[in-house]
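**Student:** The structure under discussion is supplied below as structure tokens; questions concerning it will follow.
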Amino acid sequence: LSPSAAAYFVRAQIAEFLRSRTPYQVNMLLAGHDEIEGPSLFFIDYLGTLAKMPFAVHGYAASFSFGLLDKHYRPDMNEQQGVELLQFCINE
């Protein structure tokens, strides 16, 4: 199962249970890698909204960290630069 297929399956399950008496109250990040698409990162919220993201944060410091990532993230970053950006977000 590819990351995209898994994300769409989870989104459909959340959307289906949203209309039931026991909806899932969950926001999640789903990440994966396959040989065709490469790395993928998805955000899925409790309403079943699905978005493919170049980067994402979740939790207590998400609002602050999103601003830092939005300003400093570049799609052509290598692994070392990504680790440095992550460390920068943690330090701030």
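In terms of the UniProt record's numbering, the sequence shown has 89 at position 89, counting the first letter as 1, and numbering is strictly consecutive. Note that the Cβ used here is the ideal one computed from N, Cα and C, for glycine as well. Note that the coordinates shown come from a computational prediction; the quantities given were computed from them, not determined experimentally.
Specify, as a first and last residue, the run of the alpha helix (DSSP H) that PRO3 falls within.
**Tutor:** On the sequence shown, residue 3 is found 3 positions in, with the first residue counted as 1. Segment 3–18, the alpha helix (DSSP H) holding PRO3.
**Student:** Looking at C-alpha atoms only, which residue of PHE17, PHE42 and ARG19 is the closest neighbour of SER2?
**Tutor:** Here the question's residue 2 lines up with position 2 in the sequence shown. When each option's Cα is compared against that of SER2, the closest is PHE42.
**Student:** Below 8 Å on the Cβ atoms is my contact criterion, and I expect GLU92 with LEU68 to pass it. Report the Cβ-Cβ distance as a whole number of Å.
**Tutor:** Here the question's residue 92 lines up with position 92 in the sequence shown. Here the question's residue 68 lines up with position 68 in the sequence shown. Contact holds; Cβ gap of about 6 Å.
**Student:** Beta-carbon separation of LEU29 and HIS58 under 8 Å?
**Tutor:** The count along the sequence shown starts at 1 and reaches residue 29 at position 29. The count along the sequence shown starts at 1 and reaches residue 58 at position 58. Yes; because the gap between Cβ atoms is below 8 Å, this pair is in contact.
**Student:** Just confirm the distance between the C-beta atoms of LYS52 and SER40, as a whole number of angstroms; I'd bet it's less than 8 Å.
**Tutor:** Mapped onto the sequence shown, residue 52 falls at position 52. Mapped onto the sequence shown, residue 40 falls at position 40. The pair is a contact, with the Cβ atoms about 7 Å apart (cut-off 8 Å).
**Student:** Looking at the secondary structure, which residues open and close the alpha helix (DSSP H) in which ASP76 lies?
**Tutor:** Position 76 of the sequence shown holds residue 76. Counting along the chain, ASP76 falls outside any alpha helix (DSSP H), and DSSP gives it neither H nor E.
**Student:** What residues in its chain sit with their C-beta under 7 Å from that of ARG11, if we drop five residues either side in the sequence?
**Tutor:** If you number the sequence shown from 1, residue 11 lands on position 11. Taken in chain order, the residues that qualify are ILE44, GLY48 and LEU50.
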